Amino acid sequence: MSQIIIKNLSVKRGESFVLKNLNLTIEKGEFVVVVGKSGSGKTTLLHTLAGFLPFSGDIIIPHNLGVVFQEYSIFPWLTVEKNISLGLDKYHPKERKEIIEEHLALTELGHKRHSYSAELSGGQIQRVAIARSLAPDPEVLLMDEPYSALDVHTRDKMQEWLLDVWQKKQKTVIFVTHNISESIFLADRVLVLDEGNFVREFVVPFTRPRVDEMRFTMEFNLLNQNIKSFL
Ligand SMILES: Nc1ncnc2c1ncn2[C@@H]1O[C@H](COP(=O)(O)OP(=O)(O)O)[C@@H](O)[C@H]1O
Ligand SMILES: [Mg+2]
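Numbering that gives the first Met the number 0 applies: residue 0 is where the sequence shown begins, and numbers increase by one.
Spelled out as structure tokens, the structure:
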């Protein structure tokens with residue numbers, strides 16, 4: 000059963016339409032990546048799905064969403080543990096503690112639970128940001144270029160980490176990036192956004208779990224070039 004249905008979605012920013020009659024259906028548990036050049040409307044799409052922007056058309060999406068935005072990251076005045084505990088007020092203290100421990104384990108940062116963001120690397124901060132979004136158990140995770148500030152090596156590691164978490168937690172993910180190789184590594188489907196609409200969809204043919212060596216295969220690089228030609 001499909002979990003997210005977007006029909007004839009149009010969004011205006013300033014005088015012009017940034018999204019124009021966009022249609023998309025996403026199945027439960029799917030990992031969809033939207034790529035597009037800067038200014039193509041990727042952030043606008045995620046902000047609209049998160050309910051931050053007015054729109055015309057129809058959006059059917061679960062209400063409990065998690066969001067990870069590049070610019071928000073984590074609260075610097077709270078420790079790793081406190082950041083993860085945000086959004087868990089609805090749980091009983093005992094259950095809350097269990098959820099915090101589970102998500103602290105996901106970040107692989109148990110030893111840093113009392114640290115602040117100033118004491119963490121970029122990759123560690125984003126792991127905390129993602130764990131924090133997952134802790135209240137959202138059905139859908141919206142991610143806006145969460146890795147664009149990371150160096151290439153860390154980024155590659157974090158992609159593998161995210162896929163591992165995704166397999167464990169079985170969430171529906173919409174991930175936005177301008178990095179094509181990242182999109183192929185992560186996605187079930189890559190959608191190319193241009194001039195306010197999807198101009199192309201690519202079903203990624205690679206099996207899971209995805210492994211680092213995949214990035215160096217001819218198939219991977221041909222798909223990379225193919226997607227690039229639509230950007
Ligand atoms: N707050 C805003 N007011 C007016 N125009 C905006 C605003 N935010 C973004 N835009 C415009 O909307 C278009 C799409 O922006 P955005 O969704 O941020 O693209 P992307 O995330 O793909 O880089 C751009 O032309 C941008 O200038
Ligand atoms: Mg953006």
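All residues carry an ideal CB built from backbone N, CA and C; glycine is no exception. Source: prediction; values computed, not measured.
- Message: Using the Cβ count rule (16 or more neighbours within 10 Å means buried), how would you classify P137?
- Response: In the sequence shown, residue 137 corresponds to position 138, counting from 1. That one is buried.
- Any chance you could list the residues with Cβ under 6 Å from a heavy atom of ligand 1, keeping chain order? R12, G13, V17, G35, S37, G38, S39, G40, K41, T42 and T43
- Counting pairs of beta carbons, one from the segment 167-184 and one from the segment 26-33, are three or more of them closer than 8 Å? yes
- Query: Hey, I3 and T176: beta-carbon distance below 8 Å or not?
  - Reply: Within the sequence shown, the letter at position 4 stands for residue 3. Within the sequence shown, the letter at position 177 stands for residue 176. No.
- Answer yes or no: do S72 and I124 have a C-beta to C-beta separation smaller than 8 Å? Position 73 of the sequence shown holds residue 72. Position 125 of the sequence shown holds residue 124. Yes.
- Item | Span separating the alpha-carbon of R95 from that of V10 | Against the sequence shown, residue 95 aligns to sequence position 96. Against the sequence shown, residue 10 aligns to sequence position 11. Their Cα atoms are separated by approximately 38 Å.
- Helix, strand or coil at T171 according to DSSP, with G and I counted as helix: As a first step, residue 171 is located in the sequence shown; it is residue number 172 there, counting from the start. Strand at T171.
- Query: Could you check where the beta strand (DSSP E) with V32 kicks off and where it finishes?
  - Reply: In the sequence shown, counting from the first residue as 1, residue 32 sits at position 33. Segment F30 to V34, the beta strand (DSSP E) holding V32.
- Can you name the residues that DSSP bridges to R199? Residue mapping note: residue 199 aligns to position 200 of the sequence shown, counting from 1. BP columns for R199 point to V191.
- Message: If you follow the alpha helix (DSSP H) that S84 is in, where does it begin and where does it stop?
- Response: Your numbering for residue 84 matches position 85 in the sequence shown. Taken as a continuous stretch (DSSP letters only), the alpha helix (DSSP H) holding S84 covers V79 to S84.
- Query: Can you pull the DSSP bridge partners for F16?
  - Reply: Position 17 of the sequence shown, counted from the first residue, corresponds to residue 16. Paired residues: K11.
- Message: Here's the rule: buried if 16 or more other CB atoms are within 10 angstroms of the residue's CB, otherwise exposed. What is R12?
- Response: As a working mapping, residue 12 is identified with position 13 in the sequence shown. It counts as exposed.
- Message: For ligand 2, is there any heavy atom lying closer than 7 Å to the beta carbon of D143?
- Response: Locating residue 143 in the sequence shown gives position 144, where the first residue counts as 1. Yes, since a heavy atom of ligand 2 falls inside the 7 Å radius drawn around the Cβ of D143.
- Selected residue, minimal CA-CA separation from M244, among N223, I173, V127 and V66: Nothing can be reported for residue 244: it is not among the residues displayed for the chain, which extend from 0 to 230.
- Message: Judging by CA-CA distance, which residue of K27, T43 and V67 is the nearest neighbour of D193?
- Response: As a first step, residue 193 is located in the sequence shown; it is residue number 194 there, counting from the start. The candidate whose alpha carbon is nearest that of D193 is T43.
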